[in-house]
Structures are given as structure tokens and as C-alpha cells.
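Following: one structure in C-alpha cells, then a few remarks.
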Amino acid sequence: MVMKKIQSLQLLVYVAFGLLFIQDGALDAWQGFKDGLTDVVNINGETVSHGPPLQTVFDGSFITHKPGADLKVGNNYILQNITISSDVWVDDKRVDTHYLITGLQVSLTFVVLFVMIAIAYTTNKVIRNISEGTMFEFKCVKQIKNIGLLLMLYALLDFAYQQVTYHQQVLMIHAPLKVLNASAFNFSALILAILLFIIAEAFKKGARLKDELSLTI
Numbered sequence: 126m127v128m129k130k131i132q133s134l135q136l137l138v139y140v141a142f143g144l145l146f147i148q149d150g151a152l153d154a155w156q157g158f159k160d161g162l163t164d165v166v167n168i169n170g171e172t173v174s175h176g177p178p179l180q181t182v183f184d185g186s187f188i189t190h191k192p193g194a195d196l197k198v199g200n201n202y203i204l205q206n207i208t209i210s211s212d213v214w215v216d217d218k219r220v221d222t223h224y225l226i227t228g229l230q231v232s233l234t235f236v237v238l239f240v241m242i243a244i245a246y247t248t249n250k251v252i253r254n255i256s257e258g259t260m261f262e263f264k265c266v267k268q269i270k271n272i273g274l275l276l277m278l279y280a281l282l283d284f285a286y287q288q289v290t291y292h293q294q295v296l297m298i299h300a301p302l303k304v305l306n307a308s309a310f311n312f313s314a315l316i317l318a319i320l321l322f323i324i325a326e327a328f329k330k331g332a333r334l335k336d337e338l339s340l341t342i
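Taking the working numbering, the leading residue of the sequence shown gets 126, the next gets one more, and so forth.
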């Protein structure tokens, strides 16, 4: 019964990280792949775009024609700091993503996938150590620290991917459109990594006490 619970928990870890990967990048990558195979055609049968769309956030001044993108709504409200989220289709065969940027995006996607698999695998090893009563051993301490390091690496890779995507947009989108850098660092993963380092130190202390106790006996 206990073993079934452990196996269910380990399976849940893989499912959770799999869903996280799908949410963060797999769906967008698949949609971009499909869109890249087909051109968008208007009602007259003319090709109006080439390749996948760019998921972009624009400065709202493009619509409001006012600095700062301020817009008065009725008599009582003023909207400020307006941004517009849009899928941009490039209507020019000469404008395309540089192959280095595309290669970097694909590489980062696979590296992130590998890191997620490594985190899930190492987490399941810690779960097994706990179930076997060997959590206060130095190998388990090392595994917990490795999870923390992998989480920090994941946060850095995720931020790097966002920056690459932003520079792709800057290279392909020009005036009168203005691209905003909407990338954000994943501090949740960083904080979780710090907590894991603290937990690892606690387990390390437990491992030392266990060794001292065994020597005393």
C-alpha cells in the first residue's frame, strides 16, 4: 500500500512537470510550427503573411496617437500605460527570423525540457530515499541541492528564452509599431531553489548526527 502511494506520487511529479512544459512552451512551439507551414490568405486569395505569427505586446500610443498612451474613456476615466497584446503576421517575404535566433529558440526549448526531466527524475529519487528511510544520508542531501541548482538553471533559461523572443520581435517589427519588453524573471523558481538549499543543510545536519550516533554505538 505504501509502495503504491510512493509510485503514485512519483507519477504525479512527472505529470506536473510535463504539464508545466506544455504550458510554458510546447503549445506555442507546436502552433508556430503549424503556422510556419501555411501562409495566411485574405478574402481575395492573396497571400498576406509568411511564417508563424509573433506574439507581441505593443505600446498603446500606436492606437491612441498620444505620448504615454493615455486615453480618456467617458467623462470619469482616463486609461494610462495602455499595452496591446497581438499576434503579428509579417506581410513581406524579405522579413524573416534570422536562422541563428530560430536555432537558439529551438535549442533553449529542448534544454528547458531536459532540465525539467532532470528535476522530476531527481525529485523522484528523493521521494524514494524518504520512503526507504535513507533521507538522512549525504547522497540525498546532494540530490536536494541538485534540484535547487536545476531550478535556478530553469529560471535563467526561461528568462533567456524570453529575451531571445523579444530581440526576434525587435528585428522583425519596425515603425510605426513599437515592441515592449514584457519578459520577466521567474523569481518563484529562484525562491524555491533557496528554500531547497536550506532544507538540504538541515538534512546534512541530520546525516552528520546519524553518523555520529552510529560511531557512538
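Virtual Cβ for every residue (Gly too), placed ideally from N, Cα, C.
Residues that DSSP places opposite residue i in a beta bridge
i	result
Q180	D212
V198	Y202
V240	In DSSP, V240 forms no bridge with anything.
V295	None, per the DSSP bridge assignment.
V251	BP columns for V251 are empty, so no partner.
V304	F183
Buried or exposed by the 16-neighbour rule on C-beta atoms within 10 Å, applied to residue i
i	result
K129	exposed
F328	buried
T163	Caution is warranted here: a pLDDT of 48 is assigned to T163, below 50, making its placement in the model unreliable, and the coordinate value is therefore given only provisionally. Answer is exposed; the Cβ neighbour count stays below 16.
Y279	buried
A245	buried
A309	exposed
T208	exposed
C265	buried
A141	exposed
I319	exposed
Residue of the options minimising C-alpha distance to residue i
i	options	result
F183	Q294, Y139, T341, L278	Q294
Q268	L340, R253, D195, L282	R253
H292	L179, Q148, I242, L134	L179
Q135	F146, T247, V213	T247
F312	E257, L338, F284	F284
N306	A314, L315, T290	T290
A314	M277, H299, A325	M277
S210	A243, L302, I319	L302
V304	V213, I242, I324	V213
N271	I298, Y224, A243	A243
I131	E257, D195, Q205	E257
Spatial distance of residue i from residue j (CA atoms)
i	j	result
V138	L296	39 Å
I168	S186	Note that I168 scores 48 on pLDDT, short of 50, meaning its location in the model is unreliable and no value can be drawn from it.
L317	N249	17 Å
I226	G143	25 Å
R333	E262	8 Å
I255	L233	33 Å
Y286	K197	36 Å
F239	G331	31 Å
F322	V251	14 Å
Q148	Q230	16 Å
L274	Y202	47 Å
L340	F235	47 Å
T259	L282	32 Å
D336	Q288	47 Å
A325	M241	20 Å
F146	Q205	34 Å
I298	T181	10 Å
V237	D195	39 Å
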